[in-house]
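Residue numbering for the sequence shown follows the working numbering, beginning at 113 and increasing consecutively.
Worksheet for the structure shown next.
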Amino acid sequence: MNRPLRTMLGSAMTAAMLATVAVAPAQAHPGGRPPAVLALPDGFQPEGIATAGRYAYFGSRATGAIQRVDLVTGRGTTIGAATGTPSLGLKVDPRGRLFVSGGTAGDARVLDTRTGEVLARYQFATAPTFVNDVVLTRDAAYFTDSNRPVLYRVPLGRGGALPPADAFTTITLTGAYEQVGTGVNLNGITTTPDGRALIVVQSTTGTLYRVDPATGASTAVDVPGHTFTNGDGLLLLGRTLYVVQNRLNLIAVVRLNHAGTAGTLTSTITDPNFDVPTTVATALGRLYLPNARFTTAPTPSTPYTAVAVRAH
Numbered sequence: 113m114n115r116p117l118r119t120m121l122g123s124a125m126t127a128a129m130l131a132t133v134a135v136a137p138a139q140a141h142p143g144g145r146p147p148a149v150l151a152l153p154d155g156f157q158p159e160g161i162a163t164a165g166r167y168a169y170f171g172s173r174a175t176g177a178i179q180r181v182d183l184v185t186g187r188g189t190t191i192g193a194a195t196g197t198p199s200l201g202l203k204v205d206p207r208g209r210l211f212v213s214g215g216t217a218g219d220a221r222v223l224d225t226r227t228g229e230v231l232a233r234y235q236f237a238t239a240p241t242f243v244n245d246v247v248l249t250r251d252a253a254y255f256t257d258s259n260r261p262v263l264y265r266v267p268l269g270r271g272g273a274l275p276p277a278d279a280f281t282t283i284t285l286t287g288a289y290e291q292v293g294t295g296v297n298l299n300g301i302t303t304t305p306d307g308r309a310l311i312v313v314q315s316t317t318g319t320l321y322r323v324d325p326a327t328g329a330s331t332a333v334d335v336p337g338h339t340f341t342n343g344d345g346l347l348l349l350g351r352t353l354y355v356v357q358n359r360l361n362l363i364a365v366v367r368l369n370h371a372g373t374a375g376t377l378t379s380t381i382t383d384p385n386f387d388v389p390t391t392v393a394t395a396l397g398r399l400y401l402p403n404a405r406f407t408t409a410p411t412p413s414t415p416y417t418a419v420a421v422r423a424h
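This is the structure we're talking about:
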């Protein structure tokens with residue numbers, strides 16, 4: 113996620129419009145394939161995406177509303193009420209709970225994907241803060257903060273039980289990680305292929321780091337000859353890491369070793385429908401990315417879309 117998402121349209125008029133707009137379904141391709149371009153509400157300003165089955169969930173950085181889209185029909189429904197603060201990185205767990213990064217609000221929320229009910233909220237920090245992305249493991253949710261060299265850990269109890277509001281911990285990054293100036297620093301986050309550590313991307317320097325979640329100790333992931341400038345959302349499928357480079361309108365595809373300490377750039381993916389994509393999730397055998405359109409001035413009538421591409 114990038115710094116322009118600090119610009120918000122959080123007026124009551126915009127929030128009401130986003131909650132009530134009926135999104136025209138995208139047209140499926142011949143042969144009954146799901147549409148390659150999905151319409152989102154005008155003015156929505158999407159940022160994060162999470163998928164479960166045939167559904168994708170998008171968060172609005174303008175109002176915090178959550179939009180659920182049927183990837184087969186293209187039809188969308190608002191399930192999470194506008195909060196007036198951003199909804200950025202998203203992840204869905206097997207229990208149908210949506211974990212939401214709160215950006216400048218410095219918080220995270222957990223929603224029921226069926227009802228939109230807020231099940232829990234965690235206030236990590238106050239300004240300056242920018243809670244940007246999230247990854248789920250078997251026993252915790254980890255969130256990045258683009259303004260601070262830290263991760264926030266929300267522990268999950270037996271059966272995935274959510275902890276009390278004050279039960280999170282703050283993990284300070286040490287070792288190789290570098291915080292640079294006032295730009296976007298920590299951004300996307302995922303796990304290593306062996307599940308023993310985390311991988312984060314530093315957007316300004318374009319460096320991937322492997323982080324020990326127990327100590328915060330970090331080392332640079334060795335990808336010879338390549339940096340990931342404007343690195344944003346991360347997606348790990350097996351040992352293949354997809355790194356969205358938002359303003360470059362491409363996805364870098366990296367083959368990692370088992371421990372996630374090193375990798376090789378194997379290809380890049382781009383598409384003429386990309387317009388500053390930010391994050392990525394997989395569903396129905398494809399990759400889906402929301403177009404944040406950071407280079408387009410947002411208005412209540414600005415159109416937004418999500419794009420499906422084939423995974424390499």
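Cβ coordinates follow ideal geometry from the N, Cα and C atoms, glycine included.
None of the values given here were measured: they were computed from a predicted structure.
- Put simply, of R308, P412, S172 and V419 the residue whose alpha carbon is nearest the alpha carbon of T249 is R308.
- For P240, same chain residues with a beta-carbon under 7 Å away, outside a window of 5 residues either side, are N259 in chain order.
- Taken through DSSP and simplified to helix, strand or coil, N403 comes out as strand.
- Distance from the CA atom of G215 to the CA atom of R145, rounded to whole angstroms, is 35 Å.
- Residues Y167, Y169, T189 and I191 of the same chain have their beta carbon placed closer than 6 Å to that of R180, with the five preceding and five following residues left out of the count.
- When the alpha-carbon of R221 is set against those of I178, D306 and V184, the nearest one is in I178.
- Your pair N403 and V419 checks out as a contact, with CB atoms roughly 6 Å apart and the cut at 8 Å.
- For L396, same chain residues with a beta-carbon under 7 Å away, outside a window of 5 residues either side, are P146, R166 and L183 in chain order.
- According to the DSSP secondary-structure assignment, R270 is paired through a beta bridge with no residue.
- V212 has L202 and R221 as its beta-bridge partners, per DSSP.
- Taken in chain order, the complete beta strand (DSSP E) segments of 3 residues or longer contained in the stretch 341–417 are 343–349, 352–357, 362–368, 375–381, 393–395 and 398–402.
- At the C-beta level, D205 and G271 stay beyond 8 Å of one another.
- Within the DSSP bridge table, the entry for F170 names I161 and Q179 as partners.
- Looking from the CA of Y254, the closest CA among T238, A279 and L231 belongs to A279.
- Per DSSP, N244 is one residue of the beta strand (DSSP E) stretching across V243 to L248.
- For the options Y400, D245, Y289 and T390, the alpha carbon positioned closest to that of S330 is the one of Y289.
- Counting other Cβ atoms within 10 Å of its Cβ, V292 stays below 16 and is therefore classed as exposed.
- Distance check between A364 and each of N385, D387 and F340 places F340 closest, using alpha-carbon atoms only.
- In the DSSP assignment, L320 forms a beta bridge with V313.
- With fewer than 16 neighbouring CB atoms inside 10 Å of its own CB, D334 falls in the exposed class.
- For Q235, the uninterrupted beta strand (DSSP E) segment begins and ends at V230 to Q235.
- Taking a 10 Å sphere around the C-beta of T238, we find fewer than 16 other C-beta atoms and assign the residue as exposed.
- Put simply, of T163, S315, I283 and G196 the residue whose alpha carbon is nearest the alpha carbon of T327 is I283.
- Burial state of G337 is exposed, judged by a 10 Å Cβ sphere holding fewer than 16 other Cβ atoms.
- For V247 against I301, the beta-carbon gap comes to about 5 Å, under 8 Å, which counts as contact.
- A residue is called buried when at least 16 other Cβ atoms come within 10 angstroms of its Cβ; E159 meets this threshold and is buried.
- A straight-line Cα-Cα distance of about 24 Å links P384 and L349.
- In this structure S315 is buried. Its beta-carbon is surrounded by 16 or more other beta-carbon atoms within 10 angstroms.
- A residue is called buried when at least 16 other Cβ atoms come within 10 angstroms of its Cβ; A217 meets this threshold and is buried.
- G318 places its beta carbon 8 Å or farther from that of L353.
- Around the C-beta of S213, 16 or more other C-beta atoms lie within 10 Å, and the residue is accordingly described as buried.
- In the DSSP assignment, D257 falls within the beta strand (DSSP E) that extends over A252 to D257.
- Of the residues assessed, T417 falls on the buried side of the cut-off, its CB having 16 or more other CB atoms within 10 angstroms.
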